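Peer 1: The structure is given below, and queries will be raised subsequently.
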């Protein structure tokens, strides 16, 4: 079991003929992801890695039944691509594109809601259900199937931690990089809820960072709704206020969104927060041992 | 029985302190309409004809449970007033205001749909369920309770025809003036459907005019879905193409929307079309006699 | 409200839609100078608010300055569907590889703006719509999102095939939508939208109509209004609170309410007469309105009889009668008038009108018959 | 991106929001001339990209030209939170009957723009939010409809009570929303929005931030950028594909990925060190990026040791190692460097790095400890 994506996912790649799109299509296909179509306006009839290319998402969906999309188009066109997928009836959209204007995402949000489309990203590394489907730019070899759910706001830090998990024999059900932008699609609580309901997931690792209050909301959700253990880490404890730490979302503004506040919220919710990534496997082990007593 | 409005309708009047709003509030109240509130920004706490005035529709709905609104504000503010009513949870909005820009109505439409709000108008005389509720600027004394449903795109012509019906002893369940604008709320087929489902309505009189193809659609709906007899009249047989006949909607454009086309459509659907208003009662009598055979 | 092609071109230009160079000319010598300055093949186009200018000979290609002068002489002053040509546009005659159509219009059924596009450009789109409707792409635009880039591109790609050309055309579509909404248009057409042999995409001819109800917030558009004589009359009537449209018949009608006014015209025709106008005095019993309306009606020399048709609703017929009496004290005319009053206090009104000596009736059909009879005397 | 108050006032003016007259001055003599021309009470305001100017003495009321000159002398050149005041705004000091707050900001939770308004204007809104949150009206704006007139009026009526004043304020709110969306702002505040004894409603002070991701489509906003020294460094780094923020510590960090870079800074502190910067070189193994990054790091005289922390994902560690080797051939420094490589082909990468003689480790914590040790030598 897993959340959001699995073997049956039918993926369409928007921007499949671009440099990044082509490269990652190859990698995803190699991993075994069921890629059924690509989209590149004006290139209908061509193919990439044996995958048929269509002029638009609607045509791709009609011909192949694609139900999930991954977006590699440049930031200025990303919001339009998200809407195209949503209006074509795609149920889950993963937007990799980095640097999408916030107003674009704000405008997109209510339309996705109307259409019932789920979005991950933008500015995210995607997600993976190890052994079933890789949809994103994550490095496949660090993941392995198992019973840990994983959610993170950042990219390389995800790899760092997942690598530690895998080395410590904690395989994963699904790992989701939700992206570092201030206005994004699915967020911590949306995914915590899904992991809580996924029978295969036994515990969750959550990697937060400074900015916003998604971690505080997650902590509250865990305290009120979750039965499964969660272990957290927060990046950016030493970041100064008012400075954007790479991600558009990682900024402490008006004295809120600090790591201290987030750590306090998790502690209050009984969620252990690792001081450094290397602590996570041990915290996870302890939490899971507690539960099996 | 009736459609849309009755004794239980709780009406809020938007623009109650304006000249027209005040005048027609008095008339509607006199008729027995259950007016529970008025809205006029900045005049909360005042009252008009004993009806409490609120600053906004949300406050009026909260305090009085109003479920229907009538709008008398000037055209430039009408679309905003419609949205205010809709967002406040009002289920049925009647917009009397004349001269509302079409783009305003186009923008309003999908939001009303989302909120599930029904709209009549703009640029309409309103509607009446004789003996129960008058919501609009219709002259009360020409109506009488009975079993005829009545729908019309125009104002005075409505009065002309309803007067003939009443004089010929055809009372009415509900009479609706849907308004003369090209983009409006409820239209012929929406109301025909409601009359078809209203047990008290035995036959329907439909007054159309040139412009658009709402009459053609009505004809098709009658042919396919209706069991009750319908009699029609179309105004504007002598109107030249390209000229706007008073109503923004009454214009024959690009060779379509002519009276001939509409009459042909009704004839094809078995709906008799009166040559002049005075013929309508006789046509109605014949149709209803046919049915009771 | 309608505008001329040269005005539509200016709006297109303001919104970044590529349009060939052109000069508006009122005289033949201006045409000569424009053609000389352009120094290439031009097209001389009559600027009148009527369709079918090409068929009427109002559009001529000119390879030389002399050709342009000849065309200017022919076109300036010519009559097209009742309009005298007072100005022409001298425009760069670009080379055309292919012609397309694109238009935006308000659609009553979807209650939205629809984009219509066709690879059959340069001809009347109504003809294409009737004969080969499958050649028109129609697309309803969600007003909350506007025309999205991918939607414009999809349509453009279907027309142009090539993605580079499609992107150029799509950019024109989105600009056209922006100007359509921002100017409260009710029609915006580019016909033809052309592809040149150099792979440029250009708007060669444009047509725009605007929502009269929105002119209050469109001062720039209102400033473009160039009404003809009939329209001037209509506008003048409007300013007095009357809706008036001149027709060709000889029975003047004065009615309260647009629907009833149309039905009145129809009834006159039904009984063998011919209406001289549509005239709606609205819901007021103000004598001034009646005076203004009568002055307009009697200003039309074709009018041989007048039919006044009033149905009293909120307005009481006795009030209307009083207004009429006052008006008729001022207006002196030998054109016969028949008055029909019905509805609220009709009896009282008719009684009051007896002093005027005018024939009064209480039904529309009687009034129409009487007016026709009077018009034939 | 931030802008100065005088720039925010200009944007307000462009959108029709009433703002008192003002003149930007770089010298005391300009201040004198401005105050003389205005010929009434003025306020002299430091223009720096920092909050709390009033408390720092950067805002002074001047009743006479002499007062204004004195204020100009005091403020020009003063230091506010590390910023030197290079220019002041001399503004009409309008009479104030009451002060309000209105602001727009992107909200992560509702994923919308929210309007915040309060009758407690003139003070830091964060303080109001903490101490008396019930005094702030918050309202999430549906991006598909924008801020509707009735919504703006409701909020304004709640603040102002009187409908005429509320209509004035509501018009300012809708204009503020329009400019917010059209300029891709991330913050737009009017604080205070004042009511004068003459019942005028005016924007007295304004603050605006903009979305860096949207600057590509906001040339007018981009032209307003006046970065300070630190920001110039950040922008220069950005143009080289690096995300760089200078901090106060002595251990330079070079990391791939923003989250990992933050975690690296945190770990340095955890083990008793102090990071000199945030530096994300992104996902590339391009030697030029490594060279550029090293040049930036070593350009900071505080840096006593460098920690390179790379986790190979799609990028292979051996490729990164090759890039590092090339870079280290060019860069000559005596600042000690420790390299951590992990992930894809880490072993191969570490093997390659042996030739450089640099200390190499395979875990973050080891790298941090080593870097701290090296920094203390």
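Residue numbers (the numbering used here), protein chains in the order written: chain A, 1 to 293; chain B, 1001 to 1293; chain C, 2001 to 2377; chain D, 3001 to 3377.
Heads up, the beta-carbon is just placed ideally off N, CA and C, and yes, glycines get one too.
As the structure is a computational prediction, the values presented were derived from the model and not from experiment.
#1: If you measure between the beta carbons of residue 3004 of chain D and residue 3049 of chain D, is that distance less than 9 Å?
#2: Could you please tell me which residues of the stretch 2136-2170 of chain C, in chain order, have their CB closer than 8 Å to any CB of chain B?
#3: What span of residues does the alpha helix (DSSP H) with residue 80 of chain A cover, start to end?
#4: Does DSSP classify residue 2342 of chain C as helix, strand or coil?
#5: Find the residues of chain D that neighbour residue 1198 of chain B, judging by a C-beta separation of less than 9 Å, and give them in chain order.
#6: Compare the C-beta of residue 1041 of chain B against all C-beta atoms of chain D and say whether one is closer than 9 Å.
#7: Apart from the five residues on each side of it in sequence, which residues of its chain come closer than 7 Å, Cβ to Cβ, to residue 2199 of chain C?
#8: Contact check, residue 2298 of chain C vs residue 2254 of chain C under 8 Å by CB: the rounded distance?
#9: Give me the chain D residues within the contact set of residue 1055 of chain B, using Cβ-Cβ distance strictly less than 8 Å, ordered along the chain.
#10: Going by C-alpha to C-alpha distance, which of A:141, A:121, A:241 sits closest to residue 3342 of chain D?
#11: Please state if the CB of residue 2308 of chain C and the CB of residue 2367 of chain C are separated by a distance shorter than 9 Å.
#12: Does chain D have any CB closer than 9 Å to the CB of residue 1294 of chain B?
#13: In angstroms with no decimal places, state the Cα-to-Cα distance between residue 3051 of chain D and residue 10 of chain A.
#14: Provide the residue span of the alpha helix (DSSP H) that contains residue 197 of chain A, from first to last.
#15: Quick one: what's got a C-beta closer than 6 Å to residue 1132 of chain B's C-beta in the same chain, skipping five residues either side?
#16: Short of 7 Å Cβ to Cβ, which residues in the stretch 1104-1119 of chain B face chain D?
#17: In three-state terms, what does DSSP make of residue 2079 of chain C?
#18: Let's test the definition: count the other Cβ atoms within 10 Å of the Cβ of residue 3213 of chain D and tell me whether it reaches 16, buried, or not, exposed.
#19: Cβ of residue 2064 of chain C less than 9 Å from any chain B Cβ?
#20: Tell me the start and end of each unbroken alpha helix (DSSP H) in the stretch 175-262 of chain A that is at least 4 residues and wholly inside, in chain order.
#21: Please tell me whether residue 1048 of chain B has its Cβ less than 9 Å away from any Cβ of chain C.
#22: Assuming residue 3259 of chain D and residue 218 of chain A are in contact, meaning their beta carbons sit under 8 Å apart, how far apart are those beta carbons, in whole angstroms?
#23: From this set, B:1125, B:1193, B:1257, B:1103, which residue's C-alpha is nearest residue 1177 of chain B's C-alpha?
#24: What do you get for residue 1198 of chain B, buried or exposed, if any count of 16 or more other CB atoms within 10 angstroms of its CB means buried?
#25: Could you give the residue range of the beta strand (DSSP E) that holds residue 3026 of chain D?
#26: I'd like the ranges of any alpha helix (DSSP H) spanning at least 4 consecutive residues and lying wholly in the stretch 3297-3365 of chain D.
#27: Using the DSSP secondary-structure output, state which residues sit across from residue 2002 of chain C in a beta bridge.
#28: Between residue 2205 of chain C and chain B, is any beta-carbon pair separated by less than 9 Å?
#29: Check whether the stretch 1179-1186 of chain B and the stretch 2279-2295 of chain C touch, using three or more Cβ-Cβ pairs below 8 Å as the test.
#30: DSSP three-state call for residue 2133 of chain C: helix, strand or coil?
#31: With a CB to CB cut of under 6 Å and the five nearest residues on each side skipped, what residues in its chain are close to residue 134 of chain A?
#32: Among residues of its own chain, excluding the 5 on either side of residue 1237 of chain B, which ones have a beta-carbon nearer than 7 Å to its beta-carbon?
#33: When burial is assigned at 16 or more other CB atoms within 10 Å of the CB, is residue 3334 of chain D buried or exposed?
#34: Report the start-end ranges of each alpha helix (DSSP H) in the stretch 2218-2285 of chain C that is 4 residues or longer and not cut off at the edges.
#35: Of all the alpha helix (DSSP H) runs that stay within the bounds of the stretch 3098-3155 of chain D, which reach a length of 4 or more residues?
#36: DSSP three-state call for residue 3087 of chain D: helix, strand or coil?
Peer 2: Looking at the atomic coordinates:
#1: Residue 3004 of chain D sits at position 4 when you count from the first residue of the fourth chain. Residue 3049 of chain D sits at position 49 when you count from the first residue of the fourth chain. Remark: C-beta atoms of residue 3004 of chain D and residue 3049 of chain D approach each other more closely than 9 Å.
#2: Legend: CB atoms of the stretch 2136-2170 of chain C lying less than 8 Å from CB atoms of chain B belong to residues 2142, 2143, 2144.
#3: Here residue 80 of chain A corresponds to residue number 80 of the first chain, with the count starting at 1. Run containing residue 80 of chain A: 75-87, per the alpha helix (DSSP H) assignment.
#4: Position 342 of the third chain holds residue 2342 of chain C. When secondary structure is reduced to three states using DSSP, residue 2342 of chain C falls in the strand class.
#5: For the purposes of this step, residue 1198 of chain B is taken as the residue at position 198 of the second chain. Correct list: empty, because the minimum Cβ distance to chain D is about 34 Å.
#6: Indexing the second chain from 1 puts residue 1041 of chain B at position 41. At least one chain D Cβ lies under 9 Å of residue 1041 of chain B.
#7: Position 199 of the third chain holds residue 2199 of chain C. Cβ neighbours of residue 2199 of chain C beyond the five flanking positions: 2165.
#8: Working through the third chain from its first residue, we reach residue 2298 of chain C at position 298. Working through the third chain from its first residue, we reach residue 2254 of chain C at position 254. Taking 8 Å as the upper bound for CB-CB distance, residue 2298 of chain C and residue 2254 of chain C are not in contact here, some 11 Å apart.
#9: Residue numbering aside, residue 1055 of chain B sits at position 55 when the second chain is read from its first letter. The answer, in chain order, is 3154, 3157.
#10: Here the question's residue 3342 of chain D lines up with position 342 in the fourth chain. If we check each option's Cα against that of residue 3342 of chain D, A:141 comes out closest.
#11: Residue 2367 of chain C sits at position 367 when you count from the first residue of the third chain. Residue 2308 of chain C sits at position 308 when you count from the first residue of the third chain. Taking 9 Å as the Cβ cut-off, residue 2367 of chain C and residue 2308 of chain C qualify as a contacting pair.
#12: In the structure displayed, chain B extends from 1001 to 1293; residue 1294 of chain B sits before or after that span and is not available.
#13: Sequence index remark: in the fourth chain, residue 3051 of chain D carries index 51 (1-based). Sequence index remark: in the first chain, residue 10 of chain A carries index 10 (1-based). So the alpha carbons of these two residues sit roughly 51 Å apart.
#14: What you label residue 197 of chain A is simply residue 197 of the first chain in a count that begins at 1. Secondary structure note for residue 197 of chain A: its alpha helix (DSSP H) is the uninterrupted segment 188-197.
#15: Position 132 of the second chain, counted from the start, is the residue given in the question as residue 1132 of chain B. Closer than 6 Å at the Cβ level, and outside the excluded window around residue 1132 of chain B, lie 1006, 1007.
#16: The residues in question are 1111.
#17: For the purposes of this step, residue 2079 of chain C is identified with residue 79 of the third chain, where counting begins at 1. Taken through DSSP and simplified to helix, strand or coil, residue 2079 of chain C comes out as strand.
#18: Looking up residue 3213 of chain D in the fourth chain gives position 213. Under this definition residue 3213 of chain D is a buried residue.
#19: Numbered from 1 along the third chain, position 64 holds the residue referred to as residue 2064 of chain C. So, not an interface residue.
#20: List check, alpha helix (DSSP H) in window: 188-197, 214-225.
#21: Counting from 1 along the second chain, the entry for residue 1048 of chain B is found at position 48. Answer no: the Cβ-Cβ gap between residue 1048 of chain B and chain C never drops below 9 Å.
#22: For the purposes of this step, residue 3259 of chain D is identified with residue 259 of the fourth chain, where counting begins at 1. For the purposes of this step, residue 218 of chain A is identified with residue 218 of the first chain, where counting begins at 1. Not confirmed; about 16 Å, so no contact.
#23: In the second chain, counting from the first residue as 1, residue 1177 of chain B sits at position 177. When the alpha-carbon of residue 1177 of chain B is set against those of B:1125, B:1193, B:1257, B:1103, the nearest one is in B:1125.
#24: Working through the second chain from its first residue, we reach residue 1198 of chain B at position 198. It is buried - the Cβ of residue 1198 of chain B has at least 16 other Cβ atoms within 10 Å.
#25: Position 26 of the fourth chain, counted from the first residue, corresponds to residue 3026 of chain D. Looking at the DSSP string, residue 3026 of chain D is not in any beta strand (DSSP E), and its letter there is neither H nor E.
#26: Counting only runs of 4 or more residues that sit fully inside the stretch 3297-3365 of chain D, the alpha helix (DSSP H) segments are 3317-3330, 3346-3353, in chain order.
#27: Along the third chain, read from residue 1 onward, the residue named residue 2002 of chain C stands at position 2. According to DSSP, which records beta bridges pairwise, residue 2002 of chain C is partnered with C:2209.
#28: Stepping through the third chain from its first residue, residue 2205 of chain C is reached at position 205. Taking Cβ atoms only, chain B never reaches closer than 9 Å to residue 2205 of chain C, which makes this a no.
#29: Fewer than three beta-carbon pairs drawn from the stretch 1179-1186 of chain B and the stretch 2279-2295 of chain C are found closer than 8 Å, and the two stretches are therefore not classed as touching.
#30: What you label residue 2133 of chain C is simply residue 133 of the third chain in a count that begins at 1. Three-state DSSP puts residue 2133 of chain C in a helix.
#31: For this step, residue 134 of chain A is matched to residue 134 along the first chain. Its chain contains 28, 31, 33, 128, 140 as the residues whose beta carbon lies nearer than 6 Å to that of residue 134 of chain A, once the 5 sequence neighbours on both sides are disregarded; these appear in chain order.
#32: As a first step, residue 1237 of chain B must be located in the second chain, where it is residue number 237. Here the set comprises 1259.
#33: For this step, residue 3334 of chain D is matched to residue 334 along the fourth chain. Exposed is the call here.
#34: List check, alpha helix (DSSP H) in window: 2219-2222, 2229-2239, 2258-2270.
#35: Listed in chain order, they are 3125-3131.
#36: Along the fourth chain, one-based indexing puts residue 3087 of chain D at 87. Here residue 3087 of chain D sits in coil by DSSP.
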